[in-house]
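Just below is one structure, and these are the notes that go with it.
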Amino acid sequence: ADPPPLSSLKFRIRIHARPRRYARCSPFRFDWRLRVLFEDEDLLFVNKPLGVPSQPHVSNYEESLFRQVCGAFKIETNASPLNRLDICTTGVLGIGKTPRGSRIFNRRLKEKEGIKKWYRVLSG
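Heads up, the sequence shown is in the numbering used here, so the first residue is 8 and it goes up one at a time.
Spelled out as structure tokens, the structure:
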């Protein structure tokens, strides 16, 4: 029998002719274990390097800090990023390794138990 026509299928395939690429995201470029600032069973905080996107992009799911760190630490798929930093920014990026970790972090921020500090370095 002939396969059904593509138009009858109930899913879509998205193809990006020019996906965003991030050379600095090579899994061999960073030893993510050396960038860990804090880790327990529910939370992980790492020092995000410059030039690496925090989260996956629709055109490039793998080349991001979140995907690379989850792969390096074998974190399950129910993990979630706790904050974002711009590609051109370095700093602390949190990952909720479990839904419980994400809830704890968000509750503490809401109750003002955590402090966010931003520093700007200028030259010239």
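Note that CB positions come from ideal geometry on N, CA and C, so glycine has one too. The structure displayed is predicted, hence computed values, not measured ones.
Start-to-end residues for the beta strand (DSSP E) that takes in residue i
i, result
"I102", "98-103"
"F45", "43-46"
"K55", "50-55"
Residue i beta carbon near the ligand PLP (any heavy atom closer than 8 Å)
i, result
"R107", "The ligand PLP is absent from the structure shown, which contains no ligand whatsoever."
Terminal residues of the alpha helix (DSSP H) in which residue i lies
i, result
"K117", "106-117"
"V76", "72-79"
Sheet register partners of residue i (DSSP bridge)
i, result
"S87", "G103"
"F64", "Checking the sequence shown, residue 64 turns out to be His, not Phe. For H64, which the question treats as bridged, DSSP gives the partners N67."
When the options are compared against residue i, the one with the closest alpha-carbon
i, options, result
"G98", "H64, L44, A86", "L44"
"C95", "S15, L41, L57, R107", "L57"
"I111", "S87, S130, V128, L92", "S87"
"S66", "T105, P26, T84", "P26"
"P60", "G121, G131, D93, N113", "D93"
"F37", "P63, E48, F80", "F80"
"N85", "R107, I22, K17", "R107"
"Q62", "F18, S15, R91", "R91"
Nearest-angstrom Cβ-Cβ length linking residue i and residue j, presumed shorter than 8 Å
i, j, result
"L89", "S109", "7 Å"
Original post:
Can you find at least 3 beta carbon pairs, one from the stretch 49-57 and one from the stretch 73-85, that sit closer than 8 Å?
Top reply: yes
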